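**Student:** In our numbering, the protein residues as written are 452 to 1014. Ideal placement from N, C-alpha and C gives every residue a C-beta, glycine not left out. Fair warning: this is a prediction, and the values are worked out from it, not measured in the lab. Sharing a structure below in structure tokens format, with a few things to ask.
In structure tokens:
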């Protein structure tokens, strides 16, 4: 079977094969989620000529669902009109379909607009394309604009988006944030990793039936239409009422909370603080309680704000939330983290981390600019069996790089025994276990471990320089806080000699520690993992001028001596 190769054209059947794989999966394992008419369309697509399947597969990898026909030139689709006709018969596409005129106008070149409406746009040659479109939409109706366009260009609309969205959700899985799914194939095939083919059964779906999936897809569509909803206050308030009650289904609950959080953010920015408070209260999104505190404080409801902060400080779901509650609204010291300073003898370097690492190397240490690689690497290797365990609903298609519930609040709880077993294995084996895990899983797909010679060299040094209890302290924090812990780890890994390792956060002049960085420093401090904050201090103008003068005098004396 031919594969995708970087910098080379894709094989003629590449995208078609990807579409066929998805169709085969949903038609064999997810038929109960479709109506009879939908199944007839999908079965018809699976039997359609190769040209039709190749065209649809290409359209699905592109942004948007409206395309000018002239942009649909693919070497593997020899008969474009025939392919379009086949897909139109299945009600998946529609030529010259009636859509909002501004969407069509945006697909045209500015020169084409000026030609098609030369009289209406006379004297506007210097204006931006967006201004021309605004002028045309203000002057003509959508129907009139489409009729004029149809005489010059043709377009194609993917009218089967609802069916396609259902197929995508059932194959690729769903989460609180919608992402383009078809790139999963490309990223997999361009990689040199061996993909672990995990078993997927009829019972592994995130939804118990069609009604639950319909409810989720409705939530996702509402997120896409937030801009429109904000122009209709009654619609927005109805959405808030509809989304008040939590869902028993985990995927639906995450989608509901994400929608409410997005609504709350929009309302807060618009100054609608009363409605924003309602949205944040209903949401279980990790950031909603922090925004709720800020809006309560902004509204002067200090007693309510203080009660919520006290609860978050004591019972916050994450360390980040607890620290936020303890620090709000003022700043507090880092804690017991060691802070050192270097006086710069030159203007502040553009990349302060690279500069600091080089200075450590000059002094004989090994230094890497690793940042968030370290916690990801330790988590991905030491807890591999727990991360990739076949927990129901976590793996819904064969080549996932991570479980779908990775960033969900109950990720650790659902695997607590598995994490405990992996932790015990690591404790019993000692630091050498890190390298054993590397060799055991080397080359297998994992969202947390980049298999490269550089990372292997770093892993060797970690195994030689860190006690396993320190490695597990870092990996444990990620396991309990997968969403928050993905950023904020100190910039540098520095090894001053055998067993003498430290993690260094580098701050340039005027830089302040961010909340996620403070959390990691607190974790390292509590676990007795050596670390520090390195502050680079800029040299004053007077000192820099004096040093420049001294250097000039030295050069002058040297020149005089040689003369």
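1) Please work out which residues of its chain come closer than 8 Å, Cβ to Cβ, to residue 690, disregarding the five sequence neighbours upstream and downstream, and give them in chain order.
2) Using the Cα positions of residue 745 and residue 712, report the straight-line distance between them to the nearest angstrom.
3) Quick check on residue 967: buried or exposed, where buried means 16 or more other Cβ atoms within 10 Å of its Cβ?
4) At which residues does the beta strand (DSSP E) containing residue 983 begin and terminate?
5) Taking the alpha-carbon positions, what's the residue 970 to residue 676 distance?
6) Between the alpha carbons of residue 846 and residue 540, how many angstroms are there, rounded?
7) For a minimum of 4 consecutive residues, which ranges assigned as the alpha helix (DSSP H) are wholly contained in the region 878 to 934?
8) Taking the alpha carbon of residue 800 as the reference point, which residue from 614, 493, 957 and 865 has its own alpha carbon closest?
9) Reducing DSSP to helix, strand and coil, say where residue 581 ends up.
10) Could you tell me how far apart the beta carbons of residue 538 and residue 507 are, in whole angstroms, since I believe they sit closer than 8 Å?
11) Among 505, 921, 500 and 774, which residue has its Cα nearest to the Cα of residue 463?
12) So, with DSSP's three-state summary, where would you put residue 820?
13) Below 8 Å, how does it come out for the region 877 to 886 and the region 917 to 924: are there three or more Cβ pairs, yes or no?
14) Would you call the region 600 to 613 and the region 467 to 480 in contact, with 3 or more CB pairs under 8 Å?
15) What's the call for residue 941, buried or exposed, on a 16-neighbour Cβ count within 10 Å?
16) If you draw a straight line from the C-alpha of residue 629 to the C-alpha of residue 671, how long is it?
17) Can you look up residue 779 in the DSSP assignment and give me helix, strand or coil?
18) Looking only at DSSP bridge pairs, what is residue 794 linked to?
19) Would you tell me roughly how many angstroms separate the C-alpha atoms of residue 627 and residue 815, rounded to the nearest one?
20) With distances taken between CB atoms, is the gap from residue 477 to residue 621 smaller than 8 Å?
21) At which residues does the beta strand (DSSP E) containing residue 806 begin and terminate?
22) Assuming the contact rule is C-beta atoms closer than 8 Å, residue 587 and residue 573 should be a hit. Round their C-beta distance to whole Å, please.
23) For residue 826 and residue 952, which I take to be in contact (beta-carbon distance under 8 Å), what is that distance rounded to the nearest angstrom?
24) Tell me which residue opens and which closes the alpha helix (DSSP H) that residue 708 is part of.
25) Go ahead and label residue 774 buried or exposed: buried means 16 or more other beta carbons lie within 10 angstroms of its beta carbon, across all protein chains shown.
26) Does residue 851 pass the burial test, meaning 16 or more other C-beta atoms within 10 Å, or should it be called exposed?
27) On the CB-based measure, 16 or more other CB atoms within 10 Å of its CB, does residue 762 come out buried or exposed?
28) Anyone know if the C-beta pair for residue 608 and residue 544 falls short of 8 Å?
29) Can you give the Cα-Cα distance for residue 736 and residue 705, rounded to whole angstroms?
30) Buried or exposed: where does residue 979 fall if 16 or more other Cβ atoms within 10 Å of its Cβ makes it buried?
31) Please report the distance separating the alpha-carbon of residue 549 from that of residue 603.
32) Who are the Cβ neighbours of residue 981 in its own chain at under 6 Å, not counting the five residues just before and after it?
33) Which residue spans inside the region 489 to 528 form an unbroken beta strand (DSSP E) run of at least 3?
34) Can residue 838 and residue 860 be called in contact, C-beta distance under 8 Å?
35) Determine the contact status of residue 519 and residue 606, defining contact as a CB-CB distance below 8 Å.
36) Express the C-alpha separation of residue 553 and residue 592 in angstroms, rounding to a whole number.
**Tutor:** So, from the data block:
1) 673, 680, 710 and 714
2) 14 Å
3) Burial call: buried.
4) 982 to 988
5) 36 Å
6) 34 Å
7) Here the runs fully enclosed are 883 to 892, 904 to 916 and 919 to 931.
8) 957
9) helix
10) Here residue 538 really is in contact with residue 507; their C-beta atoms are around 6 Å apart, less than 8 Å.
11) 505
12) strand
13) yes
14) no
15) Only buried fits residue 941, as 16 or more other CB atoms lie within 10 angstroms of its CB.
16) Residue placement at residue 629 is poorly supported in this model, since its pLDDT is 45, which falls under 50; the coordinates are not used for a value here.
17) coil
18) 988
19) Residue confidence for residue 627 is low, a pLDDT of 47 falling below 50, so the modelled location carries little weight and cannot support an answer.
20) Contact flag set, yes.
21) It is not in any beta strand (DSSP E) - residue 806 instead sits in the alpha helix (DSSP H) that spans 803 to 813.
22) Contact flag wrong, Cβ pair sits at about 13 Å.
23) The beta carbons of residue 826 and residue 952 sit about 14 Å from each other, so the pair does not count as a contact at 8 Å.
24) Residue 708 -> alpha helix (DSSP H) spans 701 to 720.
25) buried
26) buried
27) exposed
28) yes
29) 7 Å
30) exposed
31) 16 Å
32) Answer for residue 981: 953, listed in chain order.
33) Counting only runs of 3 or more, we get 517 to 519.
34) For the pair residue 838 and residue 860, the CB atoms are not nearer than the 8 Å cut-off.
35) yes
36) Going from the Cα of residue 592 to the Cα of residue 553 covers about 11 Å.
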